[in-house]
Amino acid sequence: MSEKNRQRLVSLDRILPKEEEVEILPDFPAEVAGKRVWVTAVLSRTAVVEPAPGEPKMLVNRRECMVDPEQIRYGAVAARAAAKRGREAARRNRSSRSPQHNAA
42 MSEKNRQRLV SLDRILPKEE EVEILPDFPA EVAGKRVWVT AVLSRTAVVE
92 PAPGEPKMLV NRRECMVDPE QIRYGAVAAR AAAKRGREAA RRNRSSRSPQ
142 HNAA
């Protein structure tokens with residue numbers, strides 16, 4: 042990372058969405074302990090990072106994750122709730138078609 046880009050880095054815990062019902066979307070580069078990583082998920086106090094493709098993912102505190110604010114994207118929180126509802130509906134459909142359920 043160039044020195045100019047390094048100067049723009051801020052701690053991920055200092056990045057706050059400007060609107061409510063908006064969250065930070067994953068898939069952006071960051072630095073943790075001076076090493077480049079890829080952020081695959083952003084949680085309330087932590088982030089899931091992948092040090093390199095194929096390496097095990099790690100959970101790090103958002104304070105330790107340094108990011109370029111210009112590379113952060115935001116998305117509606119409602120999308121996560123809709124996805125969860127879809128997964129739950131799929132589970133119900135699978136369980137209602139299972140042989141054990143139909144035998145009863």
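Just add 41 to wherever you are in the sequence shown, counting from 1, and you've got the working numbering. Each residue gets a CB set at the ideal place from its N, CA and C atoms; glycine is no exception. Just so it is clear, the structure is predicted and the values come from calculations on it, not from any experiment.
Give a yes or no on whether the C-beta atoms belonging to residue i and residue j are separated by under 7 Å.
| i | j | result |
| --- | --- | --- |
| Ala-88 | Val-101 | yes |
| Cys-106 | Ala-82 | no |
| Ser-9 | Arg-128 | Beyond the ends of the chain as shown, which are 42 and 145, falls residue 9; an answer cannot be given. |
Count the other C-beta atoms from every protein chain shown that fall within 10 angstroms of the C-beta of residue i, then say buried if there are 16 or more, exposed otherwise.
| i | result |
| --- | --- |
| Leu-84 | exposed |
Counting only the same chain and skipping the five closest in sequence on each side, list residues whose C-beta sits under 7 Å from that of residue i.
| i | result |
| --- | --- |
| Ala-117 | Glu-62 and Val-63 |
| Leu-50 | Glu-72, Met-107, Val-108 and Asp-109 |
| Pro-67 | Val-80, Thr-81, Ala-82 and Val-83 |
| Ile-113 | Ile-56, Ile-65 and Phe-69 |
What separation, rounded to the nearest whole angstrom, lies between the Cα atoms of residue i and residue j?
| i | j | result |
| --- | --- | --- |
| Leu-57 | Ala-93 | 26 Å |
| Ala-131 | Gln-48 | 46 Å |
| Arg-77 | Lys-59 | 27 Å |
| Pro-97 | Glu-111 | 27 Å |
| Asn-134 | Arg-126 | 12 Å |
| Gly-95 | Ser-136 | 34 Å |
Skipping 5 residues on each side, what residues in its chain have a beta carbon closer than 6 Å to that of residue i?
| i | result |
| --- | --- |
| Met-99 | Val-90 |
Keeping to the same chain, check which residues put their C-beta closer than 8 Å to that of residue i; ignore five residues upstream and five downstream.
| i | result |
| --- | --- |
| Arg-86 | Asp-54, Asn-102 and Arg-103 |
| Pro-74 | Note on identity: in this sequence residue 74 is Ala, with Pro being the wrong assignment. Only Glu-105 meet the Cβ criterion. |
Checking contacts by CB at 7 Å: is residue i closer than that to chain D?
| i | result |
| --- | --- |
| Asp-109 | Among the chains of the structure shown, chain D does not appear; only one protein chain is present. |
Which runs of the beta strand (DSSP E), 3 residues or longer, sit entirely within the segment 74-101? 76-83 and 87-91
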